[in-house]
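Q: In order, the protein sequences belong to chains C and L.
Residue numbering for the first sequence follows my numbering, beginning at 268 and increasing consecutively.
Residue numbering for the second sequence follows my numbering, beginning at 139 and increasing consecutively.
Glycine included, each C-beta is placed from N, C-alpha and C at the ideal position.
These numbers come from a predicted model, not from an experiment.
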Amino acid sequence: MTLEVFLQNLANGISLGSLYALIAIGYTMVYGILRLINFAHADLLMVAAYVSFYGIMVFALPWWLSFLIAIVFTALLGVSIEKIAYRPLRSAPRISVLISAIGVSFLLENLGIVAIGARPKSFPRPEEMVWNIKIGDVSFLSLTVIIPVVTMVLLVAVTYMVNKTKTGTAMRAVSRDFETASLMAIDVNKVVSTTFVVGSSLAAVGGIMWSLQYPQIDPLMGVFPGLKCFIAAVMGGIGSIPGAMLGGFILGMGEVFLVAFMPELSGYRDAFAFVILIFILLFKPTGILGENVVEKV
Amino acid sequence: MDRERMKPVLTLGLILLCSIALYFGQNYLDSFKIRVLNLAAIFVILGVSMNLVLGFTGMFSLGHAGFMCVGAYVSAILTMSPESKEMIYFMEPIISPLDKIHWPVFPAIIMAGIVAAFFGFLIGFPALRLRDDYLAIATLGFGEIIRIIVTNTITITNGSLGLKNIPSIKSLWVYWGFAIATIWILKRLINSSWGYAFKAIRDNEIAAEAMGIDIFKHKLLSFSVGAFFAGVAGALMGHLITSVDPTMFRFLFTFQILLIIVLGGLGSLTGSVIAGVVVTIMMEVLRFVEQPMNFLGLAIPGIPGMRMVIFSLLLLLVILYYRQGLMGTREFNWDWVLDKMGVSRSSKERRVGADG
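Below, the structure written as structure tokens:
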């Protein structure tokens, strides 16, 4: 492997890794507060992609406005999903909530198929966002730089919000102990809604970035990235934002280099995430940066 | 005649009634209806076996489609004739011992179950240390891994081309025979000491452990038995459709089974059986929604995918407003039927207050 090829792969790995990390943070935030795998998170990616697609292609909006509308719409959708499908089940067994989340996910996918059709559409790439960069023999898409930068900015913003602001303090309190937090005059419902706004907006940005990178969108496009990003979140230790970041990078880098070093295994690329997940969970059942929670009797 | 003597007679009567129904079904229904009923039998097997794992043992396992995939392939490879194997594996020939094997259908289906159970055992070993959502995502992952392996091991499974010309079974007797056998075996299992341990683990794992129940052993058994029947159902599916390919067994499939057991009631075999039949038939009936039609002079275009929207909504409504499902954790029993029919209880039963 020449240095150029290595650098190329490294750049791809960083880009893919930060894309995974971006989506994984959304999972981890929701899980941290509600202890719920928000299966619908994956489909929010799809919704954001389609809203921006229609904004640009049908309503001929400028791309930035279209992306903005998509993010707002997705955030609202995320909050409504929580209100309708998760809130009534807050005192129910975990399995019920998980089934509800699966139900929402399938509903969104199938509504997508009914409303838009299952055939993939090609996502418009605005020239201001996507162009070719050439340094020496290494050439890459501008996205390879843009995606990690966007992820970094959002990561810093989210970390600041969680650790420094009043809302963030409330979030941490709710995630530690739901009932006690509500006794301490924290409006739990508001905190949960805020979490869903932030998480869904991250999903929307992730979905738009994803469609720019792989410009073919269909109603089931969120399923596989969603699954992998959840795995990234679990790997890093679910509930921990740096953990989600770390997991995303391990997964993205691992996948790119697996294919680069062992091309004969490229068919197994999608299985890589699951295999590494099982290994990590075997040795550290709560993930790399996860806290050990001992169940009280 | 007192009740304890009546029950076996009633059970025999029910079996006889089923046999008569099957006999008439086999002889007087058209092939499409028989096919739907066979599919219903497969979903009944899937429903009760997943209910054993999820409803009775409380393990949220989403790998059912993966085990079906294993079962379908094992049975298909074992039963296909060497000539048709030679024809179908044109990309790369099938590896040595498998190309000559030609088993009859019945042992092949059992073998499919055994291989799937073995996979369940292998997967359960690491995965069953996990709980709740973690287990769900790990088993979901295993389902996907199995699919990816099947797609890539071309010399065994023919890769993404799939297998065709699998020996076809059309008889209602076979499918419903397997379904009734499954229900019977699982009922015996659930009412044994193993079954009580399963329910104890479901209700409170820590308390169960404190009572001296070996959690891991019981979970592994439940998981492997579930995998066994999923494998059998997968094999039957292959013989019903006569072709298999890796895309058949996506997560969507597990979702349908989930819908069945939630609808029927988590922890009720009876519920799974009823919901299995109803959902499968509804799925076929609802196909009309996806056909273009004329309604009072109004041309309504067919909406592809509408069925799945209806089913997702159904799942959501049931879990939100009717969480215990059709049956809750209740089972069909003769005492209930006899009470309804006004058959009085024997004096002995009344004295101890025995309640079926």
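Given that P530 of chain C touches chain L, what residues does it touch there, using C-beta distances under 8 Å?
A: Residues of chain L passing the Cβ test: none, with the nearest at roughly 13 Å.
Q: In whole angstroms, what separates the C-alpha of I412 of chain L from that of I457 of chain L?
A: Roughly 18 Å between the two C-alpha positions.
Q: With contact counted as at least three CB pairs below 8 Å, one residue from each stretch, are the stretch 329 to 337 of chain L and the stretch 450 to 465 of chain L in contact?
A: Output reads no: the stretch 450 to 465 of chain L does not touch the stretch 329 to 337 of chain L.
Q: At a Cβ cut of 9 Å, what residues of the stretch 361 to 379 of chain C count as close to chain L, listed as they run along the chain?
A: Listed by position, the residues of the stretch 361 to 379 of chain C near chain L (Cβ gap below 9 Å) are R361, I362, S363, V364, L365, I366, S367, I369, G370, V371, S372, F373, L374, L375, E376, N377, L378, G379.
Q: Mapping DSSP to helix, strand and coil, what is A492 of chain L?
A: Summary for A492 of chain L: the model assigns pLDDT 38, below 50, so the residue's position carries little reliability; its value from the coordinates is reported in the next sentence. Note: A492 of chain L maps to coil in three-state DSSP.
Q: Closest by CA to M218 of chain L, which one among L:P264, L:S199, L:M206, L:T295?
A: Closest by alpha carbon: L:T295.
Q: Alpha carbon to alpha carbon, what distance is there between T467 of chain L and S222 of chain L?
A: If you take the alpha carbons of S222 of chain L and T467 of chain L, they lie about 47 Å apart.
Q: Work out the CA separation of V182 of chain L and N347 of chain C for me, nearest whole Å.
A: Looking at the sequence shown, residue 347 of chain C is not Asn but Ser. Spanning the two alpha carbons is a distance of roughly 35 Å.
Q: Within a Cβ cutoff of 7 Å, which residues of the same chain sit near V455 of chain C, ignoring the five residues on either side of it in sequence?
A: For V455 of chain C, where only same-chain residues beyond five positions count, the Cβ hits under 7 Å are V441, F445, A448, S449.
Q: Give the range of the alpha helix (DSSP H) segment to which N399 of chain C is assigned.
A: Where N399 of chain C is concerned, there is no enclosing alpha helix (DSSP H), although the beta strand (DSSP E) it sits in stretches over 399 to 402.
Q: For E522 of chain C and F539 of chain C, I'd like the C-alpha separation in whole angstroms.
A: E522 of chain C and F539 of chain C: Cα-Cα distance of roughly 7 Å.
Q: Checking contacts by CB at 8 Å: is V459 of chain C closer than that to chain L?
A: False, the Cβ-Cβ gap to chain L never drops below 8 Å.
Q: Is the Cβ of M225 of chain L closer than 8 Å to any Cβ of chain C?
A: Chain C, which has no Cβ nearer than 8 Å to the Cβ of M225 of chain L, makes this no.
Q: Measuring CB atoms only, is the stretch 514 to 521 of chain C touching the stretch 239 to 255 of chain L, in the sense that at least three cross pairs come out at less than 8 Å?
A: They do not touch, by the three-pair rule.
Q: Going by beta-carbon coordinates alone, are L405 of chain L and G193 of chain L separated by less than 8 Å?
A: It should be noted that the sequence gives Gly, not Leu, for residue 405 of chain L. Contact: yes.
Q: Can you give me the start and stop residues for the alpha helix (DSSP H) that F354 of chain L sits inside?
A: Start and end: 353 to 379.
Q: Just checking: is the beta-carbon of L513 of chain C within a distance shorter than 8 Å of some beta-carbon in chain L?
A: Not one chain L Cβ lies under 8 Å of L513 of chain C.
Q: What first and last residue would you give for the alpha helix (DSSP H) that runs through F170 of chain L?
A: Run containing F170 of chain L: 169 to 189, per the alpha helix (DSSP H) assignment.
Q: Looking only at its chain, what residues have a beta carbon closer than 6 Å to the beta carbon of I344 of chain L, apart from the 5 residues adjacent to it on each side?
A: Nothing listed; no residue qualifies.
Q: Inspect the CB distances between the stretch 374 to 394 of chain L and the stretch 354 to 364 of chain L and report whether three or more fall short of 8 Å.
A: Judged by Cβ distances under 8 Å, the stretch 374 to 394 of chain L makes no contact with the stretch 354 to 364 of chain L, as fewer than three pairs qualify.
Q: Closer than 7 Å by C-beta to P415 of chain C: which residues in its own chain qualify, once you throw out the five before and the five after it? Chain order, please.
A: Around P415 of chain C: I281, S282, S285.
Q: Can you check whether the CB of G515 of chain C is closer than 8 Å to the CB of L312 of chain C?
A: For L312 of chain C and G515 of chain C, no; Cβs fall outside 8 Å.
Q: What are the residues that DSSP puts in a beta bridge with F382 of chain L?
A: Checking the sequence shown, residue 382 of chain L turns out to be Val, not Phe. Note: V382 of chain L sits in a beta bridge opposite L:L301.
Q: Could you round the C-beta distance between H202 of chain L and M225 of chain L to whole angstroms and report it? I think they count as a contact, below 8 Å.
A: Rounded, the Cβ-Cβ distance is 32 Å, inconsistent with contact.
Q: Measuring only between beta-carbons, confirm whether T385 of chain L sits less than 8 Å from chain C.
A: It does not; no Cβ of chain C falls within 8 Å.
Q: Taking the straight line between their C-alpha atoms, what separation do you get for G443 of chain L and N430 of chain C?
A: Their backbone Cα atoms lie some 44 Å apart in a straight line.
Q: By DSSP's criteria, Q483 of chain C is part of a beta bridge. Which residues make up the other side?
A: DSSP lists C:S389 as partners of Q483 of chain C.
Q: Please report whether the beta-carbon of Y466 of chain C lies at a distance below 8 Å from any beta-carbon of chain L.
A: It should be pointed out that residue 466 of chain C corresponds to Gly in this sequence rather than to Tyr. Output row for G466 of chain C: interface = no.
Q: Rounded to whole angstroms, what's the CA-CA distance from V318 of chain C to F491 of chain C? Just pull it up for me.
A: Going from the Cα of V318 of chain C to the Cα of F491 of chain C covers about 20 Å.
Q: According to the Cβ coordinates, are T295 of chain C and G557 of chain C closer than 8 Å?
A: No, they are not a contact pair.
Q: Give me the residue from L:D477, L:G409, L:I379 with the minimum Cα distance to R173 of chain L.
A: Answer by Cα proximity: L:I379.
Q: Would you mind working out which of C:F407, C:N276, C:L549 sits nearest W398 of chain C, comparing C-alpha positions?
A: Looking at the Cα atoms, C:F407 is the closest of the given residues.
Q: May I ask you to list the residues that DSSP assigns as paired with F407 of chain C?
A: Beta-bridge pairing links F407 of chain C to C:I400.
Q: In the structure shown, what three-state DSSP assignment does L513 of chain C receive?
A: Residue state, collapsed to three classes: helix.
Q: Could you say which of L:A214, L:L401, L:L175 lies nearest to I304 of chain L if we only look at CA atoms?
A: Taking only the C-alpha atoms, the option nearest I304 of chain L is L:A214.
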